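Student: Handing you this structure, nothing more for now.
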Amino acid sequence: MAEKMGVLTVESPAKEELQKTSGLSMVVFSGDLDKVLAAFIIANGAAAMDLPVNMFFTFWGLNVLRIDGSTTLAKPKTMMEKMFGWMMPKGPNKLTLSKMNMGGLGTMLMKKEMVKKNVYDLPKLIRTAQEQNVRLIACTMSMDIMGIRKEELLSGIGFGGVGTFIDAADRSRMTLFI
Amino acid sequence: MAEKMGVLTVESPAKEELQKTSGLSMVVFSGDLDKVLAAFIIANGAAAMDLPVNMFFTFWGLNVLRIDGSTTLAKPKTMMEKMFGWMMPKGPNKLTLSKMNMGGLGTMLMKKEMVKKNVYDLPKLIRTAQEQNVRLIACTMSMDIMGIRKEELLSGIGFGGVGTFIDAADRSRMTLFI
Amino acid sequence: MAEKMGVLTVESPAKEELQKTSGLSMVVFSGDLDKVLAAFIIANGAAAMDLPVNMFFTFWGLNVLRIDGSTTLAKPKTMMEKMFGWMMPKGPNKLTLSKMNMGGLGTMLMKKEMVKKNVYDLPKLIRTAQEQNVRLIACTMSMDIMGIRKEELLSGIGFGGVGTFIDAADRSRMTLFI
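Chains as they are written, first to last, in our numbering: chain A, -3 to 174; chain B, -3 to 174; chain C, -3 to 174.
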């Protein structure tokens, strides 16, 4: 890294290193409404401050990206894959709180309070994130295990494996696992 | 970033970038005793190593900062806000374990073991953090949703929104979501 | 940090700062199969990209490192320590999912799908991590509280307190709490 510059020896400032660490990369592992809300509020906050943001959805977090409706699949699902699909919440409106869900009552009350206090709901936070160019990436390995197909997920998202996440995170100033 | 310096072109080392990334910023989302203990042990450890530490309390994490006692509120609470207040643990002594709580028995046994093994309990960890100038910040948006007022929280803490967190985290070397 | 260089004043690029921040440090707090799988997939992914990786196991995460079998202990356990030992899962094969465990059925089905989709199981992911020189560190304070002894844990791991984690994390580009 040392470069001769005339008679002076100057350590080159490894500028690429610096320039590449900016913004936020997060793993969204959870599919709980409260944690996913926190993830998108942080993501939108960072994006509003002009920072690049990557959200990598894996395991239960994949449910956030699911479309609520039936889709014609190119490749039929196995029995097990269908079961996973039925048991997991289909999209942002179906997620529930990690605490005080109380059979859905707690989740409903929390959503009501959010409306009353003028806080964006999850579908709107997701749209805003997409409008602000937050990169939403679905983990292909989790999709494979759970039998979730690209056709079943939100349009405009990316797909990638763990390498995609590491690569993004290694260029980010902030990293979170949610 | 390139600056002409006499005949030599030197890339400026973006030193502000470097200098500003130090220390630790964490989101304390959880209100589970075990996770909050981990958060404060990490925070105090970093502070003891002279690193700046920011703890941003949001959602269930806000309960950590609640005072256990009645307070006269400037603005009365709605029914819903009162309900949230009753259902959530009021302060560090009321938190329970995320696992093996067993109706409070597991939490009690864990606390006993901590005393026996000379590990600080949560109230003492919080006091130590404040003494070590760890910045405790309550998320105003979560306070608004849950109807928690400033008068109901520990004194000496700060208040802020997601921008406050991002700003602190972007200047930190380490970021955690707990 | 400013150095006189002939007539030019150049800010030295604080290169040590740069060089020391590389790789990934994570706290593995959770002992849930799904979260621990995610932790090891991310760790192995980063290690495969030649990045230094530190995994710090604390609280329930310690269970990942436990050997499933009886061990002769140098110092006998107290009744309470024995109880903790019995109630917590002993090693990677005993962990269960954080969601949809359904008395073990969900965990079994998930493991079956992972075999079918050619995803490494947890014991293999741990071995791979060790082969790739991922540093596995057991939190000595948690070991003390829970009464877990070194003889009861996987060989080839390190031991340390919160300072060990902070020190590693402060040299890492990426930090996660899982």
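All residues carry an ideal CB built from backbone N, CA and C; glycine is no exception.
This structure is a prediction, so every number in the text was calculated from the model and none was measured.
(1) So residue 65 (chain C) packs on residue 73 (chain C), CB below 8 Å; how close in whole Å?
(2) State buried or exposed for residue 28 (chain B), treating a residue as buried only when at least 16 other CB atoms are found within 10 Å of its CB.
(3) Measuring only between beta-carbons, confirm whether residue 158 (chain B) sits less than 8 Å from chain A.
(4) Mind checking if residue 82 (chain C) is an interface residue toward chain B, Cβ cutoff 8 Å exclusive?
(5) Tell me whether the beta-carbon of residue 50 (chain C) lies closer than 8 Å to the beta-carbon of residue 21 (chain C).
(6) With 16 as the cutoff for other CB atoms within 10 Å, does residue 88 (chain A) come out buried or exposed?
(7) Considering just the uninterrupted stretch of the alpha helix (DSSP H) at residue 65 (chain B), what are its terminal residues?
(8) Quick test of your reading: residue 77 (chain C) and residue 143 (chain C), contact by CB under 8 Å. State the CB separation rounded to the nearest angstrom.
(9) So residue 54 (chain C) contacts chain B; which residues on that side make the cut at Cβ distance below 8 Å?
(10) If I measure Cβ to Cβ from residue 102 (chain C) and keep anything under 7 Å in the same chain, skipping five residues before and after, which residues do I get?
(11) Flag residue 137 (chain C) as yes if its beta-carbon sits less than 8 Å from any beta-carbon of chain B, otherwise no.
(12) Residues of the region 55 to 78 of chain C in Cβ contact with chain B at a cutoff of 7 Å, in chain order, please.
(13) Find out if the Cβ-Cβ distance for the pair residue 174 (chain A), residue 34 (chain A) is shorter than 8 Å.
(14) If contact means a Cβ-Cβ distance below 7 Å, which residues of the region 113 to 134 of chain C contact chain A?
(15) May I ask which residues mark the beginning and end of the alpha helix (DSSP H) holding residue 138 (chain C)?
(16) For residue 160 (chain A), which residues does DSSP report across the bridge?
(17) From residue 170 (chain A) to residue 135 (chain A), what does the alpha carbon distance come to, in whole angstroms?
(18) Measuring only between beta-carbons, confirm whether residue 165 (chain A) sits less than 8 Å from chain C.
(19) Applying a beta-carbon distance threshold of less than 7 Å, which residues of chain C neighbour residue 140 (chain A)?
(20) Chain A partners of residue 162 (chain B), CB-CB under 9 Å?
(21) Is it buried or exposed for residue 55 (chain A), if we count other Cβ within 10 angstroms and need 16 for buried?
(22) Beta-carbon separation of residue 18 (chain B) and residue 61 (chain B) under 8 Å?
(23) Give me, in chain order, the residues of the same chain whose beta-carbon lies closer than 7 Å to that of residue 165 (chain A); leave out the 5 immediate sequence neighbours on both sides.
(24) Using the DSSP secondary-structure output, state which residues sit across from residue 55 (chain C) in a beta bridge.
(25) If we count the other Cβ atoms within 10 Å of its Cβ and call it buried at 16 or more, is residue 69 (chain C) buried or exposed?
(26) Quick one: what's got a C-beta closer than 6 Å to residue 84 (chain B)'s C-beta in the same chain, skipping five residues either side?
(27) Establish whether the CB of residue 105 (chain C) and some CB of chain A are separated by less than 8 Å.
(28) Measuring only between beta-carbons, confirm whether residue 154 (chain B) sits less than 8 Å from chain A.
(29) What are the residues that DSSP puts in a beta bridge with residue 41 (chain A)?
(30) For residue 92 (chain C), would you say it is in contact with chain B, using Cβ-to-Cβ distances shorter than 8 Å as the test?
(31) Please work out which residues of its chain come closer than 7 Å, Cβ to Cβ, to residue 26 (chain C), disregarding the five sequence neighbours upstream and downstream, and give them in chain order.
(32) My parser needs the beta strand (DSSP E) runs of 3 or more residues fully inside the region 72 to 130 of chain B; what are they?
(33) In the DSSP output, which residue or residues are listed as bridge partners for residue 173 (chain C)?
(34) Strictly below 9 Å CB to CB, what residues from chain C border residue 110 (chain B)?
(35) Quick check on residue 155 (chain A): buried or exposed, where buried means 16 or more other Cβ atoms within 10 Å of its Cβ?
(36) Below 7 Å on C-beta distance, what does residue 96 (chain C) contact in chain A?
Tutor: Judging by the given coordinates:
(1) Contact flag wrong, Cβ pair sits at about 16 Å.
(2) buried
(3) True, the Cβ-Cβ gap to chain A drops below 8 Å.
(4) no
(5) yes
(6) buried
(7) Residue 65 (chain B) -> no alpha helix (DSSP H), and no H or E assigned at all.
(8) Right, their Cβ atoms sit about 3 Å apart.
(9) 34
(10) 93, 96
(11) yes
(12) 55, 56, 76
(13) yes
(14) 113, 115
(15) 136 to 142
(16) DSSP, once it has assigned bridges, lists no residue as partnering residue 160 (chain A).
(17) For residue 170 (chain A) and residue 135 (chain A), the distance between alpha carbons rounds to 20 Å.
(18) yes
(19) 113
(20) 20, 38, 41, 42, 44, 45, 47, 170
(21) Flag for residue 55 (chain A) reads buried.
(22) The answer is no: Cβ separation not under 8 Å.
(23) 21, 171
(24) Bridge partners of residue 55 (chain C): none, in fact.
(25) exposed
(26) 59
(27) yes
(28) no
(29) Paired residue(s): none; residue 41 (chain A) is not in a bridge.
(30) Judged by the 8 Å Cβ criterion, residue 92 (chain C) is not in contact with chain B.
(31) Excluding sequence neighbours, residue 26 (chain C) sits near 32, 56, 57, 174.
(32) none
(33) C:23
(34) Think of a sphere of 9 Å around the beta carbon of residue 110 (chain B): the chain C residues whose beta carbon falls inside it are 141, in chain order.
(35) exposed
(36) 83
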